[in-house]
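Below is one structure, written out as structure tokens; the observations come after it.
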Amino acid sequence: MISYLIPLFYILIYGSATLAAAAPIIYSASKNMQLAAILFAPISFTFTFVLVAGLLSRIGKAAIIQGTFERSLKDPVYGPRRLYGACWTALFYFSPLYFVCLSLPLLKKITFRLFGYSGPVDFTIYPDTWVRDLPCLLFEEGAYIANKSTIGTNMCLMNGTILVDRVKIGKKAMVGHMAVIGPGAKLRDEVEIGLGVTSGIRVQFKKSSKIGPCAGINHGSIIGENTIIGPRSYIGLKAIIGDNIAVPAGANIPAGANVHSQDDVDKYYSSESIQLREKKQDLLHILQQGEPLTKVR
Amino acid sequence: MNNGKAPTVDIKKIVENELYAQTVDRCFYISLVGIVSFLYLGFCSFSYLSKFDPSITFWGNIWPRIIFSCLPWLLLALYMKRSRASNKKKIIFWSIANGLIFNLTGWIHIWPLALSGHPETLLFVSGQNGAYFFGVWVMLALPTSITLHCLVIAITTLWAPFFLIASRTNSPIIFLTTANDTAGLILLGFIGGYFVSRLYKELATIKAEKQIEAAKFLGNDVYSAIYEDKHDLLKEETRTGYVLYIDIRNSTQMTTHYKNRWEAFGKAWMAAAAEIIPGNRGNLLKTGGDSLLITFGVFDEATPDLSDIPGLERDEISAENQRWKELTFHCFTCTHKLILKFQELSKLHFPDVPVKLGAGIDRGPIHRGVRGSAQKMELDIWGDRVNCSARLQDYSKNVASNFEKDSSLLVVSPFAGDYLEDQNNFKTHLITDGGIKDYPGIKWVLVKEYAYYLKATEDSGLQAA
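So the sequence lines, in the order shown, correspond to chains B and G. If you read the first sequence in the working numbering, its first letter stands for residue 1, the second for the next number, and so on. If you read the second sequence in the working numbering, its first letter stands for residue 298, the second for the next number, and so on.
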């Protein structure tokens, strides 16, 4: 049934938008009116497209819920999800249209509300920012989600299921270019996610934490308030990094670690720590023996 | 993140937040009063206005006020209550909206009449305007950090349009009277509001100081739950961790015999314990005179449940192992430091009398939550592992005959020794006597002796995580 509805939805969305644009042109009484109708055709196309897609998406909106579902059209949740997804992707992949929707504040609000988003609309997002499952999203005021970043509210799993979870991005939080945020992530206020950061499932970023470029945060980790994670660092599964801690670049924090204080950080090796240790050892050796301990590379 | 230390509290921030929140509340209530009072103005102004313009009907004086005064006040009240904007923004917005609503109301018959040759209508509303300009700003009692902003807004949105209207009435007396009165009353209103806000600030500061004082006793979890609305921290749940039970031997006799000396020693011991325990990520739950109940890992922040994600099982086991290694390190390091400190203090206070203690450690699932009645609540832990740690501590009396008479003993359950890497300082004791009370299933324990007369260093017995 769903597989028949999807093409029907596309016909309705594209068809009604085209009709809304073409009808005034066709039925205009005069040439001038026809020219005016042509001028305003993109506007009527845009509004109709968004309206029809949004209204049709409401049919499947109730299925946009947290949980793990079988990826089958016969699944009572996944099937309607596909309908919702069809309507949203019809708009999302129509880049010029979606761009116009995001550019006009009123149209942005209407679009997001029609597709089930209930949070504030005072956030910045780009046409190539990957977003799905709008009812599962919450962007607080001033949030900035850079282009080519991915807000992954859903994730397909190897066992043929799909995991859907909410993503919350706090006030004035920033998600950098090409960053990937996994399902269940919570970014508190003023969190800064650097470019290329990958964050797994249900990761929590507390207020004002900063994640350096290309860092990897594995599933279930918690990053504390005002904590800085250095570039290219790896934070293992379910690791907890406490408040006000600076994890150096290239650090490797193992799964389950609980980094409570800055002293704990030194326990976990990073490239900087290794180099500093070697230099210190060399210096000590020079003072004692008159020659360095390690060979110069 | 909970670390057993007192939560850090910024008094300035608390006071500022409190003042802003109170001001927003007052804006809300003033908006509600505005609905009623501006509607009332419609009822009481009709008879006066109709003298100047007989075409004004009663309903013609009411319905514009409903739409252009009462409805905006209602929307403003809803905004103050429901908006997610910051309190500071809300107050600024309210100040602007207040001025605009006043202007809109002025244009309902009164200002048009004043401009069309009846400037005396301004005198009719002069008293009301004065009360309005003065009363609103006194009642609001704005926080001093935004008083100037709101004063500028009041002058530009509230007084300036009125001034312009009054200046165009071609009646210098009415112009001077109304414009000067309203300017003076606005300024007086702000000055009055400033003094009232100082009073509010003092009250908020007292409240914040009490909060800070309470924070020292409450600990991170209870403080955050009450003052930061993190009620989840108090919810009942089962967590896994270590439990350490410490008890001082013969404390009753020592109290009877040494009285003040023992009291002084007790205070020093508690002060030292209160410093050592959070520094090693422990939570001091209870003190029962001479005993301490300490947990490790039970009040740590819980990581999200990933059991529904396939393919993570091996990583989760690694994470759990790492967690236990760290908890083991902190638990045993803390125990070691506590016992050494105890011995140091006891030698200082009682150089002639050996004072010893017994300790028991167990590991496993521990229930945590709030217990008690509505009148008296306590954040507590309970469960089998808690009871067992107390029994193990008690059992240290049974095994004392195998060690030096004056030694302090640590008894560790077999489950708690799983992640203990360096067991060289522990002796395995097979339970051949009556067994551990209520736990006959425990057939052996690990025992560590802290000899009273040997000089122990801090590093001995510590293990790497």
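Every residue gets a Cβ at the ideal spot worked out from N, C-alpha and C, and that includes glycine.
Threshold first: 3 residues or longer. Then list the beta strand (DSSP E) segments lying entirely within the region 152 to 238 of chain B, N to C.
154 to 156, 161 to 164, 167 to 169
Between the C-alpha atoms of I388 of chain G and L412 of chain G, what's the straight-line distance to the nearest angstrom?
Taking the straight line joining both Cα atoms gives about 33 Å.
Does the beta-carbon distance from F99 of chain B to G119 of chain B come in below 8 Å?
No, the pair does not count as a contact, with Cβ atoms beyond the cut-off.
If we call anything under 8 Å between Cβ atoms a contact, is A179 of chain B one with G196 of chain B?
yes
For L445 of chain G and S383 of chain G, what's the separation of their Cα atoms in angstroms?
Their backbone Cα atoms lie some 18 Å apart in a straight line.
Please determine, among B:I110, B:L73, B:G194, B:A37, the residue with the shortest C-alpha to C-alpha distance to L55 of chain B.
B:I110
Relative to the alpha-carbon of A63 of chain B, which residue among B:G184, B:G85, B:S221, B:T46 has its alpha-carbon at the smallest distance?
B:G85
Neighbouring residues, chain B, relative to L609 of chain G (Cβ below 8 Å)
The contacting residues are H219, L237.
Run through DSSP, which three-state label would G758 of chain G get?
Unreliable positioning characterises G758 of chain G in this predicted model, as indicated by a pLDDT of 42, which lies under 50. The coordinate reading is nonetheless provided below. The answer is coil: DSSP assigns G758 of chain G none of H, G, I, E or B.
Looking at C-alpha atoms only, which residue of B:K171, B:S57, B:K172, B:P105 is the closest neighbour of R132 of chain B?
B:S57
Burial state of S221 of chain B (16 or more Cβ within 10 Å):
buried
Nearest-angstrom Cα distance between S347 of chain G and G60 of chain B?
Taking the straight line from one Cα to the other gives about 59 Å.
Does the separation of the CB atoms of M576 of chain G and L624 of chain G fall below 8 Å?
Sequence inspection shows Gly at residue 576 of chain G; the Met mentioned does not correspond to that position. No, these two residues do not count as a Cβ contact at 8 Å.
Using CA coordinates, which residue listed in G:V742, G:K385, G:Y716, G:N722 is at the minimum distance from I728 of chain G?
Of the candidates G:V742, G:K385, G:Y716, G:N722, the one whose C-alpha sits nearest the C-alpha of I728 of chain G is G:V742.
Give a yes or no on whether the C-beta atoms belonging to R688 of chain G and I663 of chain G are separated by under 8 Å.
no
Does the region 491 to 499 of chain G come within contact of the region 455 to 469 of chain G, defined as at least 3 CB pairs closer than 8 Å?
no
Helix, strand or coil for K556 of chain G, going by three-state DSSP, please let me know.
coil
If contact means a Cβ-Cβ distance below 7 Å, which residues of the region 491 to 514 of chain G contact chain B?
none
Alpha-carbon to alpha-carbon, R113 of chain B and A761 of chain G:
Any reading at A761 of chain G must be qualified, since the residue scores a pLDDT of 34, below 50, and its modelled position is unreliable; the value itself is stated next. Between A761 of chain G and R113 of chain B, the C-alpha separation is close to 55 Å.
On the premise that I332 of chain G lies in contact with W356 of chain G, defined as a C-beta separation below 8 Å, what is that separation, rounded to the nearest angstrom?
Here W356 of chain G is actually not in contact with I332 of chain G; their C-beta atoms are around 18 Å apart, not less than 8 Å.
Classify F593 of chain G as helix, strand or coil using the three-state DSSP reduction.
strand
Return the residue from the list G:K653, G:E641, G:I591, G:I363 that minimises the CA-CA distance to H627 of chain G.
G:I591
DSSP beta-bridge partners of R362 of chain G:
Its beta-bridge partners do not exist; DSSP assigns none.
So, at 8 Å on beta carbons, what are the nonlocal neighbours of F69 of chain B in its own chain, with the 5 sequence-adjacent residues on each side left out?
D75, V77, Y78, R81, T161, I162, V164
Looking at chain B, is there any beta carbon in it that lies within less than 8 Å of the beta carbon of E313 of chain G?
no
How big is the Cα-Cα spacing for S3 of chain B and P105 of chain B?
34 Å
Buried or exposed: R381 of chain G, going by 16 or more other Cβ atoms within 10 Å of its Cβ?
exposed
Best match in B:S16, B:G142, B:M1, B:T48 for proximity to L83 of chain B [C-alpha to C-alpha]:
B:M1
Across the region 423 to 430 of chain G and the region 357 to 365 of chain G, are there enough close Cβ pairs to call them in contact, namely three or more that are closer than 8 Å?
no
Is there a Cβ from chain B that is less than 8 Å from the Cβ of P440 of chain G?
Not an interface residue.
At least one CB of chain B closer than 8 Å to the CB of G301 of chain G: is that the case?
With a pLDDT of 48 at G301 of chain G, under the threshold of 50, the modelled position of that residue is not reliable, and the figure given next carries that caveat. Not closer than 8 Å to any Cβ of chain B, the Cβ of G301 of chain G fails to qualify, so no.
Span separating the alpha-carbon of G669 of chain G from that of R578 of chain G
So the two alpha carbons sit approximately 26 Å from each other.
Quick one: does N252 of chain B have its CB under 8 Å from some CB of chain G?
no
Neighbourhood of S757 of chain G by C-beta distance below 6 Å, restricted to the same chain and skipping five residues each side
Annotation note: pLDDT 42 at S757 of chain G (below 50); position unreliable, coordinate value reported separately. Result list for S757 of chain G: empty, nothing under 6 Å.
Spatial distance of W130 of chain B from I201 of chain B (CA atoms):
16 Å
In the DSSP assignment, find the unbroken beta strand (DSSP E) run with Y542 of chain G in it and report its ends.
534 to 545
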